[in-house]
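Working notes, beginning with the structure itself.
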Amino acid sequence: MKISFCYPEGRTKALTFSYDDGKEQDRRLVKIFNRYGLKATFNLNYGLLGKKPRLTAEQLKGLYDGHEVATHGLTHPTIARCPNEAVLEEILEDRKGLERLFGQIVRGHAYPNGSYDERIKQILAMAGIFYARTVHSTGSFELPADLMEWNPTCHHNDPKLAEYGKMLVEDKKSQYLRLLYVWGHSYEFDVCDNWNVIEDFCEAVSGREDIWYATNMEIAGYLHAVQMLAFSADLSLVYNPTAEDLWVAVRDWSNVLRIPAGETIRTGI
Ligand SMILES: [Zn+2]
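Going by this note's numbering, the letters in the sequence shown line up with residues 63 to 331, in that order.
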């Protein structure tokens, strides 16, 4: 190989989480993620805030600092059953409400009730959604082929969760970009009385310098950004037109090159 894309700092492994509905158990889950330095995306229904056991707007303030907030439909609709106008309203009004509340741009989505089809994917893209998560677990560490149909690796109740964590930690095959993507609902830990599952998992996978802990949008955005790198035809020069630093490996997997935001540099080829 001559040039290969890397995650930030030249890493080749990433971990992300996606949790739905914004119920009160999110508070306990966020504490666990924060204790272990992990990053997650929380998918919220703005129109249902405060409807018990969902957290109120006041309770949500500051809760998800350092994590990502994403849409989950204004009222948690089974969206493939909705007419176009209703789909647009469900997404745009959820976005507007969450963006006002959290003061950030909200472009992620998790399909409520796992419902979507080709029509829904197109409408969401038109409503400014950059990626959307399904409930179809793949059991693999592969990157999404279609960001509007982003299939996670597993639900946290998957009996292989701990095994997946171990595989990620022990993986040394830097010829691949790996992603372990875990999803669920925080209230399920109360229902199943198994908070130890996520505690143990987080402890086992955290604190590794070679794993990138990131939100869904950070990963989707980074993967989009590296595609925007502009190379000279002989690969000797590279221009990074984006606002974030990007990383590639040159000739050897361990020879990592940082391309600063906005700069053109020599690759050494
Ligand atoms: Zn939901």
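Heads up, the beta-carbon is just placed ideally off N, CA and C, and yes, glycines get one too.
Output the distance between the C-alpha atoms of aspartate 262 and arginine 240, rounded to the nearest integer angstrom. Between aspartate 262 and arginine 240, the C-alpha separation is close to 21 angstroms.
When you compare only the Cα positions, how much space is there between tyrosine 81 and threonine 200? Their backbone Cα atoms lie some 17 angstroms apart in a straight line.
Span of the alpha helix (DSSP H) around asparagine 278: That run of the alpha helix (DSSP H) goes 278-289.
Taking DSSP as the reference, what is the three-state secondary structure of aspartate 82? Of the three classes helix, strand and coil, the one that applies to aspartate 82 here is strand, per DSSP.
DSSP beta-bridge partners for phenylalanine 293? Note: phenylalanine 293 sits in a beta bridge opposite Val300.
Reducing DSSP to helix, strand and coil, say where arginine 169 ends up. Coil, per DSSP.
Helix, strand or coil at tyrosine 226 according to DSSP, with G and I counted as helix: Annotated three-state conformation of tyrosine 226 is helix, per DSSP.
The alpha helix (DSSP H) spanning cysteine 264 covers which residue range? Counting along the chain, the unbroken alpha helix (DSSP H) around cysteine 264 starts and ends at 257-267.
Got a sec: does ligand 2 put a non-hydrogen atom nearer than 8 angstroms to the Cβ of histidine 198? Looking for ligand 2 in the displayed structure turns up nothing; the ligands present are ligand 1.
If you check the beta carbons only, do threonine 137 and glutamate 147 fall under 9 angstroms apart? At the C-beta level, threonine 137 and glutamate 147 stay beyond 9 angstroms of one another.
Residue ranges of each alpha helix (DSSP H) run of no fewer than 4 residues wholly in the region 144-225, ordered along the chain? If we require 4 residues or more, the alpha helix (DSSP H) runs fully inside the region 144-225 come out as 146-164 and 180-188.
How about leucine 117 and aspartate 156: do their beta carbons lie closer than 9 angstroms? Contact: no.
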